[in-house]
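So that you can map any letter, position 57 of the sequence shown is 57 in UniProt numbering, and since no number is skipped, the others follow by simple counting. A short worksheet on the structure shown next.
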Amino acid sequence: MTVQPIRLFGDPVLRTPADPVVDFDAELRKLIADLTDTMREQSGAGLAAPQLGVGLRVFTFDVDDVLGHLVNPVLEFPDEEEQDGPEGCLSIPGLYFDTKRRQNVIAKGFNGYGDPLQIVGTGLMARCVQHETDHLDGVLFVDRLDLAGRKEAMKAIRQAEWYDQAAPPTVKLSPHAAGNPFGLGR
1 MTVQPIRLFG DPVLRTPADP VVDFDAELRK LIADLTDTMR EQSGAGLAAP QLGVGLRVFT
61 FDVDDVLGHL VNPVLEFPDE EEQDGPEGCL SIPGLYFDTK RRQNVIAKGF NGYGDPLQIV
121 GTGLMARCVQ HETDHLDGVL FVDRLDLAGR KEAMKAIRQA EWYDQAAPPT VKLSPHAAGN
181 PFGLGR
């Protein structure tokens, strides 16, 4: 097993947009294996490469008994339906906040060999795909909270025993906002 340490809130790599994958080689497939092993060890629903300190556009997921990965994802939203519910993050351990997301998503990208791949997700799968794609854009789920929710989240983060006071917290606006205060449009 190749479990790796997960980068925590405050680490600049989590706020840096990841680069597209251009080489679909053994090194990429090892990264996918490391992401999968680490995600499963931590009982996560998903894990993005920046969370392991790697600035590449790839994530893994394990939702509703579906285990997989997606490289260079591009999201499409087939409708305007939304969901609101608790969301957490392995980079913000132990904290959960109600977060608005789209209910349905179509994610297009590639597998570790460069073959085209499409994920059609609803509910938890849609939430996971959106959450992990946000990581690839340098966006954390707390950035999607309304002002009161962000204040509550930041207070809880500062009080968490894992929080590093030397790394000042930042909030980033989602690049997917498209005029929507929750960043749900694209």
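Glycine is no exception: its CB is placed at the ideal position from the N, C-alpha and C atoms.
Got a sec? Which residues, its chain only, sit under 7 Å from residue i by beta carbon, not counting five neighbours each side?
i: A18; result: A49, P50, G55, L56, R57 and L136
i: P78; result: N104 and I106
i: G114; result: F24
Quick test of your reading: residue i and residue j, contact by CB under 8 Å. State the CB separation rounded to the nearest angstrom.
i: E87; j: R102; result: At roughly 13 Å, the Cβ-Cβ gap does not stay under 8 Å, so E87 and R102 are not in contact.
i: T16; j: G138; result: 5 Å
i: L140; j: C89; result: 7 Å
i: C128; j: A33; result: Wrong, their Cβ atoms sit about 19 Å apart, outside the cutoff.
Please name the residue in the options whose C-alpha comes closest to that of residue i.
i: Y163; options: I119, K108, L147 and L95; result: L95
i: H131; options: V21, A156 and D98; result: D98
i: R40; options: V21, E27, V63 and P20; result: V63
i: T2; options: Q118, F110 and L35; result: L35
i: D65; options: G10, L8, M125 and N111; result: M125
i: D25; options: C128, G112 and L67; result: G112
i: Q42; options: G114, P93, T133 and K100; result: P93
i: K100; options: A156, D23, V142 and Q165; result: V142
i: T84; options: K155, G149, G114 and A156; result: Here residue 84 is Asp; the residue named in the question, Thr, does not match the sequence. Considering only alpha carbons, the answer is G149.
Would residue i pass as a contact of residue j if the rule is Cβ separation under 8 Å?
i: L75; j: T60; result: no
i: V21; j: L28; result: yes
i: A153; j: L145; result: yes
i: V105; j: G121; result: yes
i: S91; j: R158; result: no
i: V71; j: F9; result: no
i: L52; j: Q4; result: yes
Taking residue i as part of the beta strand (DSSP E), name the residues at either end of that continuous run.
i: A107; result: N104 to F110
i: A48; result: G46 to A48
i: E82; result: E82 to C89
Whose C-beta lies closer than 6 Å to the C-beta of residue i among residues of the same chain, with five residues either side of it excluded?
i: K108; result: V74 and Q118
i: P12; result: none
Taking the alpha helix (DSSP H) that residue i falls in, what are its first and last residues?
i: G149; result: L147 to Q159
i: D62; result: That residue, D62, is in no alpha helix (DSSP H); its beta strand (DSSP E) goes V58 to V63.
i: Q118; result: Segment P116 to T122 is the beta strand (DSSP E) holding Q118; no alpha helix (DSSP H) there.
i: L67; result: Unbroken run through L67 is the beta strand (DSSP E), V66 to E76; no alpha helix (DSSP H).
i: T2; result: That residue, T2, is in no alpha helix (DSSP H); it is neither H nor E in DSSP.
i: A26; result: A26 to E41
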